[in-house]
Structures are given as C-alpha cells and as structure tokens.
Amino acid sequence: MSYSSSKLINSSTCIQWMWQSNLNSLDRSKSGSWNYYSDVENLMIEEAFQTAELQIVFDNYYIDFKLNIQVMKTDVTKQNPVKRIVSNGEYTASRQSHYTCDAISREHSFGGQYGWIPPFIKEVRKHLKLQKNQLPSRDSSVVSTIVEKAAMGIIEEGKKVGQLNLAKWMAKQLIERKDKDAKEVWKCCAHLYSLESFLYKTLNETMRLVGVNQHEEIWRSKVRTLGPFCLLLWDDPITKKATTAAEKITVYRGAKLTPTQIDSYRDICQRPEKYGSFQAFTSASRQRNIDDHCPDWNVLFIMEIAFAFTANIRQYSAFPDEEEELIFPGVCFTVERMDFDEIKQQHLIYLKLRQRFNSMYNKFISEASSVSEQIYHSILSEYFYIFSKILHRMTRTLLVISSIDYPRFK
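Under numbering that gives the first Met the number 0, think of the first position of the sequence shown as 0, with each following residue one higher.
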C-alpha cells in the first residue's frame with residue numbers, strides 16, 4: 000500500500016479550498032480574485048469539514064463553514080467568501096516555490112564543498128549528543144526522543160512566523176508516529192516536507208546560510224529547533240544506495256535568478272574542475288514540462304544524476320503527479336553547459352550531480368576525464384559499488400576504534 004493511502008493523506012489532496020480577496024469581499028455579485036490556501040491550511044480545513052466542524056480557527060482568522068466565510072480575528076468586519084472545489088491534481092501557483100531556488104546572497108544560489116556530511120547535520124548530531132553510529136535508521140532507541148524534539152522545534156518555529164496552529168498540526172503528525180520504526184517516521188517527514196508551508200522554507204533558508212560568515216550565528220541558532228526534523232529527513236532508511244548514472248535519471252528545477260547569479264554558474268561551466276553544492280534539501284521534478292506552470296522563471300536547471308544521494312518521494316507526497324525527487328544536502332554538481340531558449344526567454348543550465356567523497360574520488364574523476372561518457376558512467380558506478388562494499392565491511396570495526404566522522408551508508 001502506498002503512503003498516499005494512509006491516514007495522513009486523504010481525499011483532501013483532490014480538494015482545494017479558496018478565499019476571495021476582492022475589496023468588497025462579501026458582494027458576491029462582483030467578481031474578485033480567488034486565492035488558494037497553503038497545503039497545510041487546505042488539509043486542516045478539509046479535515047474539519049469532513050468531521051462536520053462548525054468552524055476552524057487559525058492564528059489570524061477563522062472559517063465559518065455554515066456561512067462559507069473567512070473572518071479576521073482582529074476585525075470581524077473583515078470577511079471573505081470561501082469555496083471548496085475539486086482540483087483534479089491541478090498545479091497551483093503556491094507550488095512554484097517548492098521547485099525554485101531561493102538565493103542566499105546576491106552572488107550565489109549554491110554553497111561550497113564541505114564533504115559528505117553537511118555541516119548542519121554534524122552540528123545537529125553534536126547537539127543531540129548522538130554517538131558516531133547512533134542514527135535513527137540504525138538505533139531504534141533514539142527515534143522517539145528525536146521525534147519529540149522535532150515536533151517541539153516545529154511548534155517553536157511556527158510560533159515565530161505566526162503560524163502556530165499549522166505548526167501544531169504538523170507536529171501532531173510526527174508525534175502520532177513516534178513509537179513507529181524509522182521508516183514510518185521518515186515517510187511522515189517526507190510528506191510534511193512535500194507540503195507548501197513555513198517548515199521546508201525556513202529549513203532550507205537556514206541550511207543555505209552555511210558557509211556565509213556573516214550568517215553563521217543565524218543558522219547555528221536553528222540547530223536546536225529545526226535540527227531534529229532535518230536529521231530525521233536526511234537519515235533516509237528506505238533508499239539504501241545512491242542514485243547512479245545507470246538509472247538514467249534526469250530531474251528539473253526552475254529559478255528566477257539575477258544576472259550575477261547566472262554568471263556564477265557560467266564561471267563553474269568554464270572551469271570543469273570546479274564544483275558547487277546544494278547545502279539544503281533541494282526539490283526537483285522528473286517532469287520536463289514543470290516550467291510550463293511557471294512563466295516567470297528565467298532559468299531551468301536540467302540535472303543529470305551521475306552518483307548522488309536522492310530519493311523519489313512521489314508515493315509519500317501530497318502531490319504525487321509532480322514526481323518529486325528530493326536531492327539531499329551535500330550533493331555536489333558540475334555545470335556541463337549552458338544554453339538559452341529564445342522562445343521561452345529562459346536560460347538552460349545543465350548540471351551533473353556527483354557525490355564528492357574524498358581525495359581518492361577526485362583523483363579517479365581526473366583520471367577518467369578522457370574516457371568516453373558512456374564508459375565513464377559504467378566505470379564510476381562499478382568503482383563505487385566495490386568501494387562502498389569494502390567500506391561497509393570495515394565500518395563496524397572502524398566506528399568503534401576511531402573518532403573520525405564517518406558518512407552514513409545507505
């Protein structure tokens with residue numbers, strides 16, 4: 000049974016609630032602008048509607064189901080009509096930001112290289128006082144505690160942005176699974192991440208600050224609140240190995256970048272030995288036409304996966320038709336080439352995703368550069384399959400006798 004059949008996802012994924020924002024909002028004889036509620040709001044509203052509640056209360060407003068209106072809590076005279084429609088899985092404007100790069104500075108929209116385990120994850124592990132091999136996917140005794148801390152952190156962050164009720168709803172989904180195994184917890188985390196909400200936005204905005212000196216204090220301050228959820232999502236117990244070139248997977252992601260940001264990719268393109276990296280979780284789609292829904296994007300990233308940790312979260316997502324592929328923090332990339340679509344007036348940036356491991360890996364890449372692409376992919380996949388098997392056998396012993404920071408083994 001797919002996760003979309005579970006309690007967390009119900010018929011509300013096919014239902015959209017909307018509110019009207021015209022100035023004379025209660026005059027239904029006049030047309031106005033209809034707006035979608037966020038994914039979490041939509042789920043909460045439909046949940047209350049299905050259980051025949053008279054109203055549902057949010058931080059700044061409440062909805063009266065009998066009158067079909069939204070009422071501001073600070074001024075009850077400010078009322079807007081609401082309606083319930085069947086969406087048929089249509090792509091809404093609110094979903095655009097899920098597949099759009101949010102730049103962390105005026106210069107770049109990606110980070111530097113920090114090794115296999117992202118710095119944010121390392122700090123989370125230290126904060127939680129976890130041992131080297133003590134991750135949720137390996138040690139079931141820590142799952143419940145980390146889930147509780149993740150739920151509390153979500154509530155705290157939600158309160159900061161005026162979305163306490165939404166945060167409590169998301170935290171409740173996690174708490175209901177705290178006594179489940181790591182796989183069920185991860186499925187819940189993947190689902191919550193797929194929703195349009197403050198959670199994924201705040202988490203990724205925070206992680207993209209890693210490496211920016213003037214923002215170090217900011218991202219470190221989020222380790223306590225967002226860190227536990229981040230660790231649960233990063234420590235994927237279902238996807239056992241990295242995605243390889245043999246699988247021939249290409250994913251797509253849009254962006255609206257400044258000329259300076261676009262030039263930063265052009266700089267990498269002109270220097271084949273140079274890598275960039277995604278320090279945050281990065282959502283992409285297996286659908287090539289994702290940009291058809293977002294005409295304001297001026298960049299489309301076309302990303303070929305050579306060897307990287309990614310997860311297909313389609314069956315756990317509230318929007319399975321988007322075919323979301325989640326790229327994990329720390330994945331590196333090279334810019335293979337850049338084109339320009341004259342019709343769409345859009346830059347096409349072709350990336351190749353590669354996990355960077357150590358100096359031996361870099362040496363191998365350099366030596367393999369003269370080999371044809373097809374042979375190279377084959378050799379690369381085989382090389383790392385053998386290499387990972389050797390390391391896997393050595394891990395248990397090494398983790399006991401060494402204090403070196405070892406990467407997770409999927």
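Where a beta carbon is used, it is the ideal one built from N, C-alpha and C, also for glycine.
Give me the Cα-Cα distance between residue 267 and residue 197, rounded to the nearest whole angstrom.
Answer to the nearest angstrom: the Cα atoms are 32 Å apart.
Segment contact flag, the stretch 150-170 with the stretch 197-210, C-beta cutoff 8 Å, min 3 pairs:
With the rule of 3 Cβ pairs closer than 8 Å, the stretch 150-170 counts as touching the stretch 197-210.
Cα-Cα separation, residue 37 to residue 157:
Near 14 Å, if we compare the C-alpha coordinates of residue 157 and residue 37.
Alpha carbon to alpha carbon, how far is residue 210 from residue 354?
Between residue 210 and residue 354, the C-alpha separation is close to 18 Å.
Collapsed DSSP secondary structure at residue 338 in the structure displayed
Shown here, residue 338 sits in a strand according to DSSP, grouped into three states.
Do residue 279 and residue 227 have their C-beta atoms within less than 7 Å of each other?
Residue 227 sits away from residue 279, with the two beta carbons spaced by 7 Å or more.
Residue 210 in three-state terms, based on DSSP:
Residue 210 carries a coil assignment under DSSP once its states are collapsed to helix, strand and coil.
How long is the line joining the alpha carbons of residue 264 and residue 184, rounded to whole angstroms?
Between residue 264 and residue 184, the C-alpha separation is close to 36 Å.
Could you tell me which of 251, 262, 336, 176 sits nearest to residue 326, measuring between CA atoms?
With distances taken between Cα atoms, residue 326 lies closest to 251.
Cβ atoms of residue 275 and residue 332: under 7 Å apart, would you say?
Between residue 332 and residue 275, the CB-CB gap stays under 7 Å.
Using a threshold of 7 Å, state whether the C-beta atoms of residue 78 and residue 62 are closer than that.
Contact check for residue 78 against residue 62 fails: the beta carbons are separated by 7 Å or more.
What are the complete alpha helix (DSSP H) segments, minimum 4 residues, inside the stretch 248-285?
If we require 4 residues or more, the alpha helix (DSSP H) runs fully inside the stretch 248-285 come out as 258-268.
What does residue 333 pair with, by DSSP beta-bridge criteria?
Bridge partners of residue 333: 351.
Helix, strand or coil: how does DSSP classify residue 18 here?
For residue 18, the secondary structure class from DSSP, reduced to helix, strand or coil, is strand.
Checking 7 Å against the spacing of the C-beta atoms, do residue 312 and residue 303 come in under that value?
Between residue 312 and residue 303, the C-beta gap is not smaller than 7 Å, which leaves the two residues out of contact.
Nearest-angstrom beta carbon gap, residue 187 and residue 165 [assumed within contact, 8 Å]
The C-beta distance from residue 165 to residue 187 rounds to 16 Å, too long to meet the 8 Å contact threshold.
Cutting at 6 Å between CB atoms, please list the residues of its own chain near residue 175, excluding the five before and the five after it.
Around residue 175: no qualifying Cβ.
On the three-state DSSP scale, how would you describe residue 233?
Residue 233 falls in the helix class under three-state DSSP.
First and last residue of the uninterrupted alpha helix (DSSP H) at residue 118:
That run of the alpha helix (DSSP H) goes 118-126.
In angstroms with no decimal places, state the Cα-to-Cα distance between residue 34 and residue 58.
Looking at the two C-alpha atoms, the distance is approximately 18 Å.
Got a sec? Which residues, its chain only, sit under 7 Å from residue 47 by beta carbon, not counting five neighbours each side?
If you ignore the 5 residues before and after residue 47, its C-beta comes within less than 7 Å of the C-beta of 55, all in its own chain and listed in chain order.
Mapping DSSP to helix, strand and coil, what is residue 82?
The answer is strand: DSSP assigns residue 82 an E or B state.
For residue 180, which residues of its own chain have a beta-carbon under 7 Å away from its beta-carbon, when the five flanking residues on both sides are left out?
If we look at residue 180 and ignore the five residues flanking it on each side, its Cβ neighbours are 139.
Coil, strand or helix - residue 311 by DSSP
Strand at residue 311.
Nonlocal neighbours in the same chain, by C-beta distance under 8 Å from residue 223, ignoring five residues either side:
In the same chain as residue 223, and ignoring 5 residues on each side of it, the C-beta atoms closer than 8 Å to its own belong to 126, 152, in chain order.
Can residue 255 and residue 297 be called in contact, C-beta distance under 7 Å?
Yes, the pair counts as a contact, with Cβ atoms nearer than the cut-off.
Whole-angstrom C-beta distance between residue 205 and residue 225, which should lie under 8 Å
That belief holds up - the Cβ atoms of residue 225 and residue 205 are roughly 6 Å apart, short of 8 Å.
Grouping DSSP H, G and I as helix and E and B as strand, with all else coil, what is residue 299?
In the structure shown, residue 299 falls within a strand segment according to DSSP collapsed to helix, strand and coil.
What residue range is occupied by the uninterrupted beta strand (DSSP E) comprising residue 183?
In the DSSP assignment, residue 183 falls outside any beta strand (DSSP E) and lies within the alpha helix (DSSP H) extending over 181-193.
Beta-carbon gap between residue 307 and residue 238 smaller than 7 Å:
Not in contact: residue 307 and residue 238 (Cβ atoms no closer than 7 Å).
By the 10 Å Cβ neighbour count, where 16 or more other Cβ atoms means buried, how is residue 399 classified, buried or exposed?
Note that residue 399 has pLDDT 38, beneath the 50 cutoff, so the model's placement of it is unreliable and the number below is only indicative. Counting every other CB atom within 10 Å of its CB across the protein chains shown gives residue 399 a total below 16, marking it as exposed.
Contact check, residue 234 vs residue 136, beta carbons under 7 Å
For residue 234 and residue 136, yes; Cβs fall inside 7 Å.
With distances taken from CA atoms, which of 262, 259, 214, 305 is nearest residue 247?
In this structure, 305 is the residue among 262, 259, 214, 305 with its C-alpha nearest to the C-alpha of residue 247.
Return yes when the Cβ of residue 17 is within less than 7 Å of the Cβ of residue 72, no when it is not.
At a Cβ-Cβ threshold of 7 Å, residue 72 and residue 17 do not count as neighbours.
Whose CA, out of 295, 31, 129, lies closest to the CA of residue 343?
Nearest of 295, 31, 129 to residue 343, Cα basis: 295.
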